[in-house]
Amino acid sequence: MKHRGRHRRRRRGQALRATLAGTALALTATATLISTSQATGSGTPGALTPLTSTTATGELRLHESLVARGTLDTLTKDMGGNVGVDGVLASTDHSMRDRTDCTADERAALPVEPTATRAYCWDSGDARTRQWQPRSVTTSGDADDDGRWGAHRVILAGWTHDDGPAAATPAHHGDQAATPAGDEGLARVAFVDATDPHALKYRWVLLVTPRDGGKNFTAVHSGLGGMVWYQDKLIVTAAQGAGLLVFDLHRILEADVNSGAVGRVSGGYSADGYQYVLPAIGSYDVPGGTCSTAGDKAVPCFGSLSLDRTTAPDSLVATESSTSGTDRSRVWRYSYSTAAHRTGLLADSQGYVDAVEAYETKAAGASGVLSHTPSGGREAQWYLGHTPDSRTQHATLWRQTGSGAGAATCTADQSHACWGLHTASLSYWQETGELWTLTGAATERMLYAVPLSSVDDSLD
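Heads up: the sequence shown begins at 8 in this note's numbering, then just goes up one per residue.
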């Protein structure tokens, strides 16, 4: 029997909860002094530089394309109707391990400064696979300001398939063990039930695209460098960062044939061994041409995404993906629509979406981006994760404004390599004050939270 998704509860104006009950751990690290003369790589990125020219902001413009309602309705009907987030969570079949049950190698991926107050690692199959890599995170704290979707607290983690040389070992694939071939860039999302902070459980959902008027679907291919769940929509980076894809959380569908195929098959629908699929309902493409990672002020490739609830209206924050050696990149934001019939979609003007704010930063190649204006603050604080080329060196989490930059120091030589090992995107859970991220190293995969206040304290 399928489970209908419970609609989120809106609780605007509710006082923020400081932490989830019974889950916050005491911080053990003390604040450290900042040295802005030395940093991971070539040095401090310094202040953000505003981009205000029409030419500069025009390169960030998006064109919105939505799938026809009839196409989506046909696929939904043929596959038995919406299962909903609740339906997925009711059938979780993987358990996350708490920090104390993680291996020493896994815990080594946690930040040195500030200390993670909550940390989890994946079940053994997902912790060891080389063919799937964790890349992005968003939560029901993004989806709704009360931090819940229906009765649940939920974390979504985006993973992408990698058929590179490092992926030579068998993978945990779909809902069964298998060794897939030719699935480069396949995209899946872990729906994690975090309602009980001591017993996180999850289920995989495959991202797909409708075709043939809703009579079929194909797999989405994306590096999933960025992902934001806002209201009832999930926005993720498209393949090679060339724009964005949009999904509707009210259209989670169930496959009824268990095989390695993706799409319509004899007897029903198959999803490469996964039980659930989430079909795209639209896209945001960059009309200026092919995106470039060269950092040459061309059309940008999207790198990471996050939500900023401290702007009016709420906004989607983005950074560009750039090649190694690029000395600068851009960060920018788009406003979300406030129209009642466009929940979770970006603010558009005749099908186009314009960046409302953009900056250039010397923190090129950011592995995560977050913008947040503190209460009573006059300017946004931009947090940028920088992952070094070294596979063994921790990342740096920079905080940049229009006047400068800072990062925690955690070693005798005043190194800024204090953040997690190979960290991915960032997500701020407003209700709890927590900054969430995950690490994507081969055997050091952790999902963890750090109070944003602790990040700021480590810079003071």
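Positions of the beta carbon are idealized from the N, C-alpha and C atoms, including for glycine.
Identified DSSP bridge partners for residue i
{"i": "E364", "result": "R340"}
{"i": "C298", "result": "In the DSSP output, where bridge partners are listed per residue, C298 has none listed."}
{"i": "R271", "result": "Y276"}
{"i": "G392", "result": "G375, L404"}
{"i": "A287", "result": "F254"}
{"i": "S102", "result": "K208"}
{"i": "S311", "result": "T326"}
{"i": "P217", "result": "F224"}
{"i": "S143", "result": "G165"}
{"i": "A126", "result": "Y455"}
Residue i - DSSP class collapsed to helix/strand/coil
{"i": "E261", "result": "strand"}
{"i": "A412", "result": "strand"}
{"i": "T78", "result": "helix"}
{"i": "T450", "result": "coil"}
{"i": "S42", "result": "With a pLDDT of 31 at S42, under the threshold of 50, the modelled position of that residue is not reliable, and no figure is offered here."}
{"i": "A325", "result": "strand"}
{"i": "K84", "result": "helix"}
{"i": "H423", "result": "coil"}
{"i": "A456", "result": "strand"}
{"i": "R385", "result": "coil"}
{"i": "T136", "result": "coil"}
{"i": "P320", "result": "coil"}
{"i": "G165", "result": "strand"}
{"i": "T64", "result": "helix"}
{"i": "L466", "result": "coil"}
{"i": "V95", "result": "helix"}
Cβ-Cβ separation, residue j to residue i (assumed contact under 8 Å), whole Å
{"i": "G413", "j": "L454", "result": "Their Cβ separation, rounded to whole angstroms, is 26 Å, which puts G413 and L454 out of contact at 8 Å."}
{"i": "T446", "j": "G427", "result": "5 Å"}
{"i": "H168", "j": "G192", "result": "6 Å"}
{"i": "G165", "j": "A194", "result": "7 Å"}
CB contact flag (residue i, residue j, <8 Å)
{"i": "T350", "j": "K240", "result": "yes"}
{"i": "S336", "j": "A373", "result": "yes"}
{"i": "G411", "j": "A54", "result": "yes"}
{"i": "V479", "j": "S432", "result": "Residue 479 cannot be examined here, being either before or after the span of the chain that is shown, 8 to 467."}
{"i": "S328", "j": "G250", "result": "no"}
{"i": "V306", "j": "E66", "result": "yes"}
{"i": "D279", "j": "A245", "result": "no"}
{"i": "L231", "j": "Y127", "result": "no"}
{"i": "V293", "j": "L260", "result": "no"}
{"i": "W436", "j": "T59", "result": "no"}
{"i": "D149", "j": "W236", "result": "yes"}
{"i": "T368", "j": "T317", "result": "no"}
{"i": "R385", "j": "E364", "result": "no"}
TODO: Inspect the CB distances between the region 213-222 and the region 82-99 and report whether three or more fall short of 8 Å.
DONE: yes
TODO: Would you check if the region 241-255 and the region 271-280 touch, i.e. whether three or more CB-CB distances between them fall below 8 Å?
DONE: no
Open item on the list: Measuring CB atoms only, is the region 151-164 touching the region 196-206, in the sense that at least three cross pairs come out at less than 8 Å?
Closed with: yes
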